[in-house]
Amino acid sequence: MDYLPLSDNAARQVIDATTIFDELRRTEALARKYAGGMYWKKQPPYEYLVKTLPDNRQQRIGPRSEETERIYDDFVKHKSESESRLKSLKSALTETERMNKALKAGRVPSTVIAVLQAIEHAGLGGHFTVVGTHALYAYETAAGVRIVPGALATQDVDLLWDARQRIRFVTDIEKLDLSVLGILKKADPTFQRKEGQNETAINARGFEVDFLRRQPEGDDPHPFRFSADEDDLWPVQARRASVLTNAPRFEHVVISATGRMTLMRTVSPETFVEFKRWMAEKVPDRPEIKRRRDRRQADIVQSLLDEQLLMPQGGST
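Take the sequence shown: its position 126, counting from 1, is numbered 872 in my numbering, and each next residue is one higher.
So, in structure tokens, the structure goes:
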């Protein structure tokens, strides 16, 4: 067998951990609506309600009235509730991650978790998709199995940049005043751009993060550097990457051996199978050892689909 079921204890822990993680993300999204604060500012002959934003900007809501008092009371109430709920959930997450480690609920490389967390915390998660071998970690977690190590071994993770959202991406990263390489350094300070490969960041342990993009279409810029920082990374064109760019998405919580969790965004299992079979059969000059691994990975994911351990278009039983 190329995969085995999780133990009952580990399977229950994955379910519980996923529930807590998802609720934390939902609550964080809600809390962002109540970021900043509100206060009453006297400016004779009126008193105005003012909202302060996280970037220290201020927005005048309006003069004091029944309506603005209702807005103020509602804001204060929901802000307090969301902060209290966030505090409780973060405490639960800490305990959950401890249990993840104790029950061996996950095994995603810690560097991969740290990289994905850094990208998510920067608000850029929606711009990148995990493609290639590491997607198997999302599929196996959703299916409640462990895929054999031989089908997973790799020292790099491929992240596909969505060129369709270029304008939004540029806006988002300019607000951060940070390069993509700088974001990776938050995960591991030893990351640097690999000499001669501007699309690759490599850390002191030799782990690589490769950034891919579809071949230019329409007004896609090419070449394209992620930021104005001259040391930043340049996503490289990949064969048939447009297929992956346009594919349905599959998202699932993944867990490291140390218990840490993050959301992995990847492509649907069906797309993974089709793409791996194409790589195994039709990519010219692909080494035979990689063709065999492509076939094996495609067969594993197709088997998970056939057994309904993975549901089409994402999700799990």
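Beta carbons: idealized from backbone N, C-alpha and C, even for Gly.
Quick caveat: nothing in here was measured; it's all calculated off a predicted structure.
Beta strand (DSSP E) segment containing residue i, residue limits
i	result
R892	V891 to I893
V1013	M1007 to V1013
G1064	What the structure shows of the chain is the stretch from 747 to 1063, and residue 1064 is not part of that stretch, so it cannot be assessed.
Beta-carbon proximity check, residue i vs residue j, cutoff 8 Å
i	j	result
Y749	V903	no
V822	I807	no
A1003	S856	yes
V858	L905	no
A868	L922	yes
H911	H873	Checking the sequence, you will find Gln at residue 911 rather than His. Yes, these two residues count as a Cβ contact at 8 Å.
A1044	K932	no
V1000	T917	no
Under the three-state DSSP convention, the category residue i falls into
i	result
S811	coil
V822	helix
N846	helix
N944	strand
F957	strand
D1052	helix
F970	coil
S837	helix
Unbroken alpha helix (DSSP H) run spanning residue i, endpoints
i	result
H867	S856 to H867
D754	D754 to R778
E920	R912 to L922
V877	No alpha helix (DSSP H) contains V877, which is instead part of the beta strand (DSSP E) from F874 to V877.
Local Cβ density within 10 Å of residue i, reported as buried at 16 or more and exposed below that
i	result
G1060	In this prediction, G1060 scores a pLDDT of 43, lower than 50, which makes its location untrustworthy; the coordinate-derived value is nonetheless stated afterwards. Buried, by the Cβ-count rule.
S1014	buried
D754	exposed
V1029	exposed
D801	exposed
Check: Contact between the stretch 879–886 and the stretch 825–839: three or more CB pairs below 8 Å?
Finding: Of all C-beta pairs linking the stretch 879–886 to the stretch 825–839, fewer than three are shorter than 8 Å, placing the two stretches out of contact.
Next item on the list: Tell me, please, whether the stretch 1014–1023 touches the stretch 937–944 by the rule of three or more beta-carbon pairs shorter than 8 Å.
Entry: Result no; under three Cβ-Cβ pairs closer than 8 Å.
Item checked: Three CB pairs or more closer than 8 Å across the stretch 973–981 and the stretch 916–936 -> Short answer: they touch.
Check: Does the stretch 1029–1049 touch the stretch 747–767, meaning 3 or more C-beta pairs lie closer than 8 Å?
Finding: Three or more pairs of CB atoms, one per stretch, sit closer than 8 Å, so the stretch 747–767 contacts the stretch 1029–1049.
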